[in-house]
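Novice: If you read the sequence shown in our numbering, its first letter stands for residue 909, the second for the next number, and so on. Idealized CB from N, CA, C, for every residue including glycine. These numbers were taken from a predicted model, which means no experiment stands behind them.
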Amino acid sequence: MPLSPNARGSLFMAGSMAGFATNDGFMKFVFESLPFFQSVFIRGMFTTLLVAGLAWRAGAFKTRLTRADTKPLVLRCIGEIGATLCFLSALNNMPLTNANAIMQGAPLAVTMAAALFLKEPVGWRRWLAILVGFIGVMIIVRPGTEGFDAFALFAVAAVLFVTLRDLATRQMPAGTSTLLVSTITAFAITLVAGAVAPFQGLQMPTGEQLGLLFCAGIFLLMGYVFGVEAMRVGDISAVSPFRYTVLLWALVIGYIWFGEVPDELTIIGATIVVAAGLYTLWREQMVAGGRPAAHATVRPFEPSDDDVGRTPPR
């Protein structure tokens, strides 16, 4: 019996999150033996080539960027660079599940920032959900307690940079090629990491390390492509909640690869953040009166603005 479009979309979204979490696992593993910025630079080269290949196939390089694209594109690159480096710094120094759990507060932060800076309407119910979600983040971070991990602040900073990235994305003209923007952004991250890497110290990577970084790039691309396919075949309201499966994948990978077991407060905080995020998503759908299926407007290999705006930094 064939699966419904929403069922296929949900599976694609779960697969997308598995790709992102597996990429995280590979990067965390490589960080143990290869300098941080050099690792990000090498993976960035692989990722840029892979994304550029998709952009070329889709004809994205034929698109000309206008003056209206410049400011939001620069801000988006700054946000993506900051988010990627901060998130990977957190990932390098704290459990996989904890870092990903804090990042689930990003959609709440984006909703709040859109209301404050873009004057998008947000009712009291969503404001309350945002407050509850941030309380969940604080439970995970637990500042001022013995369980406080200073590196969790890198994950919090990543949330702020994601907010900047997503607000900039919303300001880009509708006709701007997302794949072209993604290629430019990937190249910008690679360029920054490559510029800083010599100051941290370089070492000759082994074949195993290069293989792991290439796999990280492949799974990162898998995350983006499966996420795009999910938004194309299913309704946003049915597919988007499956983004939170990244926590399940992170939990499994963290336990199997690194022997990580999240404590009770992390689980409680993550549950609160996810519940607040799901409620906010539901309210957005209710206020919007139901949004059309993404496949009605998105071309093959071309992410929708919603998809790009909600993808986690990696």
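My output table needs one value for residue 1198: the three-state DSSP class, helix, strand or coil.
Specialist: Taking the sequence shown and counting its residues from 1, the one referred to as residue 1198 is at position 290. Legend: pLDDT at residue 1198 = 49, less than 50; position of this residue unreliable, value from coordinates given subsequently. Here residue 1198 sits in coil by DSSP.
Novice: Whose C-beta lies closer than 6 Å to the C-beta of residue 1097 among residues of the same chain, with five residues either side of it excluded?
Specialist: Mapped onto the sequence shown, residue 1097 falls at position 189. The answer, listed in chain order, is 952, 989, 992.
Novice: Of the residues 944, 1175, 917, 912, which one's Cα is nearest the Cα of residue 1113?
Specialist: Looking up residue 1113 in the sequence shown gives position 205. The shortest Cα separation from residue 1113 among 944, 1175, 917, 912 belongs to 944.
Novice: For residue 1040 and residue 1175, I'd like the C-alpha separation in whole angstroms.
Specialist: Reading the sequence shown from its first residue, position 132 is the one you call residue 1040. Reading the sequence shown from its first residue, position 267 is the one you call residue 1175. The alpha-carbon atoms of residue 1040 and residue 1175 are separated by roughly 15 Å.
Novice: Among the residues of its own chain, which have a CB less than 6 Å from the CB of residue 929, if the five just before and after it don't count?
Specialist: Position 21 of the sequence shown, counted from the start, is the residue given in the question as residue 929. Excluding residues within five positions, the ones whose Cβ falls inside 6 Å are 1154, 1157, 1158, 1161.
Novice: Rounded to a whole number of angstroms, what is the C-alpha to C-alpha distance between residue 963 and residue 1088?
Specialist: The count along the sequence shown starts at 1 and reaches residue 963 at position 55. The count along the sequence shown starts at 1 and reaches residue 1088 at position 180. Roughly 6 Å between the two C-alpha positions.
Novice: Quick one: Cα of residue 1145 to Cα of residue 915, how far?
Specialist: Along the sequence shown, one-based indexing puts residue 1145 at 237. Along the sequence shown, one-based indexing puts residue 915 at 7. Roughly 12 Å separates the two Cα atoms.
Novice: Ends of the alpha helix (DSSP H) at residue 1111?
Specialist: Residue 1111 sits at position 203 when you count from the first residue of the sequence shown. Neither: residue 1111 is in no alpha helix (DSSP H) and is coded neither H nor E.
Novice: Out of 1143, 1115, 975, 959, point me to the one whose CA is closest to residue 938's CA.
Specialist: In the sequence shown, counting from the first residue as 1, residue 938 sits at position 30. The candidate whose alpha carbon is nearest that of residue 938 is 1115.
Novice: Does at least one heavy atom of the ligand NAD sit under 8 Å from the Cβ of residue 1012?
Specialist: This structure lacks the ligand NAD, and indeed carries no ligand of any kind.
Novice: Just to confirm my understanding: we take residue 1188, look at its own chain, exclude 5 residues before and 5 after, and list those with CB closer than 8 Å. What are they?
Specialist: For this step, residue 1188 is matched to residue 280 along the sequence shown. Cβ neighbours of residue 1188 beyond the five flanking positions: 1015, 1016, 1019, 1034, 1037, 1038, 1041.
Novice: Nearest-angstrom Cα distance between residue 925 and residue 1111?
Specialist: For the purposes of this step, residue 925 is taken as residue 17 along the sequence shown, with counting starting at 1. For the purposes of this step, residue 1111 is taken as residue 203 along the sequence shown, with counting starting at 1. Approximately 31 Å, taken between the alpha carbons.
Novice: What do you get for residue 921, buried or exposed, if any count of 16 or more other CB atoms within 10 angstroms of its CB means buried?
Specialist: Sequence index remark: in the sequence shown, residue 921 carries index 13 (1-based). When all chains shown are included, residue 921 counts as buried.
Novice: What are the start and end residues of the alpha helix (DSSP H) that includes residue 978?
Specialist: The count along the sequence shown starts at 1 and reaches residue 978 at position 70. Where residue 978 is concerned, the enclosing alpha helix (DSSP H) stretches over 975-1001.
Novice: For residue 940, does the count of other Cβ atoms within 10 angstroms reach 16, so buried, or fall short, so exposed?
Specialist: Locating residue 940 in the sequence shown gives position 32, counting from the first residue. Residue 940 comes out exposed.
Novice: State the Cα-Cα distance for the pair residue 912 and residue 1139, rounded to the nearest angstrom.
Specialist: Counted from its first residue, the sequence shown places residue 912 at position 4. Counted from its first residue, the sequence shown places residue 1139 at position 231. If you take the alpha carbons of residue 912 and residue 1139, they lie about 14 Å apart.
Novice: Leaving out five residues on either side along the sequence, give the residues of the same chain with a beta carbon under 6 Å from the beta carbon of residue 1180.
Specialist: To locate residue 1180, count along the sequence shown from 1; it is residue 272. Hits under 6 Å: 1044.
Novice: Just to confirm, is the Cβ distance from residue 984 to residue 1076 under 9 Å?
Specialist: Within the sequence shown, the letter at position 76 stands for residue 984. Within the sequence shown, the letter at position 168 stands for residue 1076. Yes, Cβ-Cβ distance for residue 984 and residue 1076 is below 9 Å.
Novice: Mark residue 949 as exposed unless 16 or more other C-beta atoms lie within 10 angstroms of its C-beta, in which case mark it buried.
Specialist: As a first step, residue 949 is located in the sequence shown; it is residue number 41 there, counting from the start. With 16 or more other Cβ atoms within 10 Å, it is buried.
Novice: Are the segment 955-970 and the segment 1116-1136 in contact at 8 Å, needing three or more beta carbon pairs?
Specialist: Counting Cβ pairs under 8 Å, three or more are found: they touch.
Novice: Quick one, are the C-beta atoms of residue 1081 and residue 1196 less than 9 Å apart?
Specialist: Taking the sequence shown and counting its residues from 1, one reaches residue 1081 at position 173. Taking the sequence shown and counting its residues from 1, one reaches residue 1196 at position 288. Contact flag unset, no.
Novice: Go through its chain and collect everything with a Cβ distance to residue 1152's Cβ below 6 Å, but skip five positions before and after it.
Specialist: Counting from 1 along the sequence shown, the entry for residue 1152 is found at position 244. Closer than 6 Å at Cβ, skipping near neighbours: 1182.
Novice: Alpha carbons only, please: which of 1078, 967, 1100, 1104 is nearest the one belonging to residue 1223?
Specialist: Examination of residue 1223 is not possible in this model, given that the chain is present from 909 through 1222 alone.
Novice: Between the alpha carbons of residue 1168 and residue 933, how many angstroms are there, rounded?
Specialist: Walking along the sequence shown from the start, residue 1168 turns up at place 260. Walking along the sequence shown from the start, residue 933 turns up at place 25. Those two C-alpha atoms are separated by around 12 Å.
Novice: Quick one: complete alpha helix (DSSP H) runs, 4+ long, within the segment 1106-1188?
Specialist: Within the segment 1106-1188, the complete alpha helix (DSSP H) runs of at least 4 residues are 1115-1141, 1144-1147, 1153-1166.
Novice: Cβ atoms of residue 1002 and residue 1057: under 9 Å apart, would you say?
Specialist: Translated into the one-based positions of the sequence shown, residue 1057 becomes position 149. Translated into the one-based positions of the sequence shown, residue 1002 becomes position 94. Result yes, Cβ atoms of residue 1057 and residue 1002 sit closer than 9 Å.
Novice: Under a CB-based cut-off of 9 Å, is residue 972 close to chain C?
Specialist: Absent from the structure is chain C; it holds one protein chain and no more.
Novice: Take the Cβ of residue 942 as the centre, count every other Cβ of all protein chains shown within 10 Å, and call the residue buried at 16 or more, exposed below.
Specialist: The residue given as residue 942 occupies position 34 in the sequence shown. By the 10 Å Cβ count, residue 942 comes out buried.
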